[in-house]
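Residue numbering for the sequence shown follows numbering that gives the first Met the number 0, beginning at 0 and increasing consecutively. We put the CB at the ideal spot given by N, CA and C, even for glycine. Report on the structure given below.
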Amino acid sequence: MKGRLLMTKTVYFCAGWFTDKQNKAYKEAMDALKQNPSIDLENSYVPLDHQYKDINVAEHPEVLGDKEWCTATFNGDRLGVKTSDVILAVYVPEEEDVGMGVELGMASSLGEYICLVIPDEDYGKKINLMSWGIADNAIKMSDLAKFDFNKPVFNFYEGNVY
């Protein structure tokens, strides 16, 4: 439609980054979001980009013993969940992250739209019942670049649960 502005959504980018497989999925999802015209990635909340005082925990794991850093980073992420339009969870079925579970629980209690993004090679594998139940939709990684977040839909995950 000529003259019509494309609406974009911000996402809370919920993803593990603790294993090689999680890091691969993280990168694939981030690359897909950069291509998605319905996402405002610049104004989205990516937890690894919002660590307290810009202290990178991967470079400085000693901050995990600092109550100020831990509390402030947690509360920053909590605000990211609260203020984002969409919760996007990069979900690796065999490598669940308890932190993701907390973020999804917070998002659900706030009425946020939750979309699980599952790597294509893992799509259809069993996922946790709670993650299945809390998700409004579950899509394949290959669908992320073109998924229209301006038209959120409910859909069941095609795999089983445990």
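Same chain only: Cβ atoms within 6 Å of D135, ignoring 5 sequence neighbours per side
Excluding sequence neighbours, D135 sits near Y112, I113 and F153.
I54: beta carbon under 8 Å from a heavy atom of the ligand NAP?
Looking at this structure, you won't find the ligand NAP or any other ligand, since it has none at all.
Starting from the N-terminal side, write out each stretch of the beta strand (DSSP E) that is 3 residues or longer and does not extend beyond the segment 125-161.
Taking only runs of at least 3 residues, the beta strand (DSSP E) segments lying wholly in the segment 125-161 are 136-139.
Just to confirm, are A71 and W16 a CB contact at a threshold of 9 Å?
Cβ atoms of A71 and W16: not closer than 9 Å.
Per the DSSP calculation, V10 is bridged to which residue(s)?
Per DSSP, V85.
Please report the Cβ distance between C13 and M99, rounded to the nearest whole angstrom; I am assuming they are in contact, meaning their Cβ atoms lie under 8 Å.
Right, the Cβ-Cβ distance comes to about 5 Å (below 8 Å), so this counts as a contact.
Going by DSSP, what residue range makes up the alpha helix (DSSP H) through L115?
That residue, L115, is in no alpha helix (DSSP H); its beta strand (DSSP E) goes Y112 to I117.
What is the rounded straight-line gap between the Cα of W68 and the Cα of G79?
When only Cα atoms are considered, W68 and G79 end up about 16 Å apart.
Tell me whether Y44 sits in a helix, a strand or coil according to DSSP, three-state version.
Note: Y44 maps to strand in three-state DSSP.
Please name the residue in F73, P36, S108 and L128 whose C-alpha comes closest to that of K150.
K150 has its Cα closest to that of P36, out of F73, P36, S108 and L128.
Identify, in the order they occur along the chain, each residue of the same chain with its Cβ nearer than 7 Å to the Cβ of M0, setting aside the five sequence neighbours on each side.
With a pLDDT of only 47 at M0, under the threshold of 50, the placement of this residue in the model should not be trusted; the figure read from the coordinates follows. Non-local C-beta neighbours of M0 in its own chain, meaning closer than 7 Å and more than five positions away in sequence, are absent.
Given A24 as reference, the closest of L103, M6, L115 and N159 once Cα atoms are compared:
With distances taken between Cα atoms, A24 lies closest to L115.
Helix or strand or just coil, what does DSSP make of M0?
Low confidence applies to M0: its pLDDT is 47, below 50, so where it sits in the model is not reliable enough to give any reading.
If contacts are defined as beta-carbon pairs under 8 Å, then I38 and F155 qualify, I think. What distance do you get, rounded to the angstrom?
Cβ atoms of I38 and F155 stay farther apart than 8 Å, at about 23 Å.
Please determine if the segment 104-111 and the segment 82-90 are in contact, where contact requires at least 3 C-beta pairs separated by less than 8 Å.
Look at the beta carbons and you see the segment 104-111 touching the segment 82-90: at least three pairs across the two are nearer than 8 Å.
Opposite I38 in the DSSP bridges: which residues?
Note: I38 sits in a beta bridge opposite K8.
Given a threshold of 16 other Cβ atoms within 10 Å of its Cβ, counted over all protein chains shown, does Q34 qualify as buried or as exposed?
Exposed, because fewer than 16 other Cβ atoms sit within 10 Å of the Cβ of Q34.
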